[in-house]
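A short worksheet on the structure shown next.
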Amino acid sequence: MPAPLWQGQGNVAFPGCAFMIRVSSGFDSGNISVLSTEQADDIRLAIRQDTRSPHYQWFHFRLSGAKDVPVTIKLVNAGGAAYTSGFKDYRAVSSADLETWRRVPTEFDGKVLTIRDTPQADSVRYAYFAPYGMERHAALVARVQRHPRATLEVLGQTPDGQDIDLLRVGEPGDDKRAIWLIGRQHPGESMASWWMEGALDMLTDSTRLLDRAVFYLVPCMNPDGTRRGHLRTNANGVDLNRAWAEPDPQRVPEVFLVRRRMLETGVDFCLDVHGDEGLPHNFIGGFEGIPSITERQLGLLNRYTAALDQRSADFQTEKGYPKSAPGKGNMAMCTNWTAERFGALSMTLEMPFKDATENPDPEHGWSPPRCKELAVACLEVLEGMLDELR
Ligand code: ZN
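Position one of the sequence shown corresponds to residue 246 (our numbering), numbered consecutively onward.
Rendered as structure tokens:
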């Protein structure tokens, strides 16, 4: 005889009988596999790999049925993730209202990432960083396109059939600088989307910059990876930021289409916005390795990063990636390809998953409001350099 339905599921008629703990990820940008949720102090989960790619690290799941119950959540395959240095001194984020994401106690022993929390609500979410899914992207585009000086252009479709959105803010003109801002080539780096939202808010609040420049923004280069909860790749398992040299229109239409549009508009400035798993800093990667590097281009790069260092307490120039020797750069990356092709000031902005140790926030770590503030700082520094860009 089957057990009565209420058994083990909790029931108001049986106070003290806890609700069953459930974990799910069947939603926009969700990622988790459930191994066991029977014991609150030993919830065992695993992060799913990207489609047709061995990469994984992004996680985002909902936990329900554990209000006021201390839980221990173990991501048992964390030791095989793409960038395990990212889990050192790292704390996961959690939210009950899907607005504010706070840090929760997290440990990593080299194999298992353990999250300890006592949920304050019937349902809470946990994630690698404050998520930014395709529904929020759609709401952002819907809001921006209503601005009188903004235009939405759909460049084409992804392998999953999603639109690749380009927002233009301002009008092209011979004396206008062409500014390209792209985010989320790597879908697990949701801080890039928060940065893009901050940039779009600024450009649509104050149109001061638009008299001297036209802005082309791709807030989400990788809609499929974002919706699928990938770390690194699109639906075909391609890392977009290793595909700029010769993008195949079938395998990686995202890069093919954006690149083609760049060739039409020209590029005076490009900022490709990312997150770095390992380093607890904001930093900029340049294009020192391109074959045609010039003193002028290097001077622009140095002046931009120095000015941003002055402007933002969250930014620094000491820590970052090693610089490539001239001619040794990977030309399949956006920054190198655009710097070489257009002679432009082109940069990769990296934000931390953890925190910016120059200016720490113990409760939230690096967070959506801080991504947005950094976007404003980046655009203000750009404003001061517009005349130099050509
Ligand atoms: Zn990245």
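C-beta: ideal position from N, C-alpha, C; glycine also.
Computed from a prediction, not measured in an experiment: that's the story for all the values here.
Between the alpha carbons of Pro315 and Leu476 lies a gap of roughly 29 Å.
In this structure, the CA atom of Arg394 is about 29 Å from the CA atom of Glu434.
When the alpha-carbon of Phe587 is set against those of Arg615, Lys599 and Pro536, the nearest one is in Pro536. Ranking Arg413, Tyr328, Ser274 and Thr539 by CA distance to the CA of Glu398 puts Arg413 first. For Asp446, the secondary structure class from DSSP, reduced to helix, strand or coil, is helix. Rounded to whole angstroms, the separation of the alpha carbons of Asp287 and Val512 is 52 Å. For Met265, there is no enclosing beta strand (DSSP E), since its DSSP letter is neither H nor E. Taking a 10 Å sphere around the C-beta of Tyr566, we find fewer than 16 other C-beta atoms and assign the residue as exposed. Distances between the C-beta of Glu499 and the heavy atoms of the ligand ZN are all 7 Å or more. Taken atom to atom, the span from the alpha-carbon of Arg556 to that of Val389 is near 27 Å.
Proximity to Thr478 across Leu411, Leu400, Val279 and Trp303 peaks at Trp303, based on C-alpha coordinates. Here Gln495 is exposed. Its C-beta has fewer than 16 other C-beta atoms within 10 Å.
Lys312 and Arg504 have their alpha carbons spaced roughly 48 Å apart.
With fewer than three CB-CB distances shorter than 8 Å, the region 337-355 does not count as touching the region 424-438. In this structure Arg506 touches Leu400 by the C-beta definition: roughly 6 Å separates them, less than 8 Å. Of all C-beta pairs linking the region 443-452 to the region 627-634, fewer than three are shorter than 8 Å, placing the two stretches out of contact.
Between Ser270 and Gly531, the alpha-carbon positions lie close to 36 Å from each other. Residue side-chain check: Asn486 places its Cβ nearer than 7 Å to a non-hydrogen atom of the ligand ZN. At least 8 Å separates the beta-carbon of Ile266 from that of Phe306. The straight-line gap separating the alpha-carbon atoms of Pro432 and Glu633 is approximately 33 Å.
The residue from Gln284, Asp419, Asp469 and Gly482 with its alpha-carbon nearest to that of Val459 is Asp419.
For Phe460, the uninterrupted beta strand (DSSP E) segment begins and ends at Ala458 to Val463. Judged by DSSP in its simplified three-state form, Gln402 adopts strand. In the DSSP annotation of this structure, the continuous segment of the alpha helix (DSSP H) that includes Gly544 starts and ends at Glu540 to Arg556.
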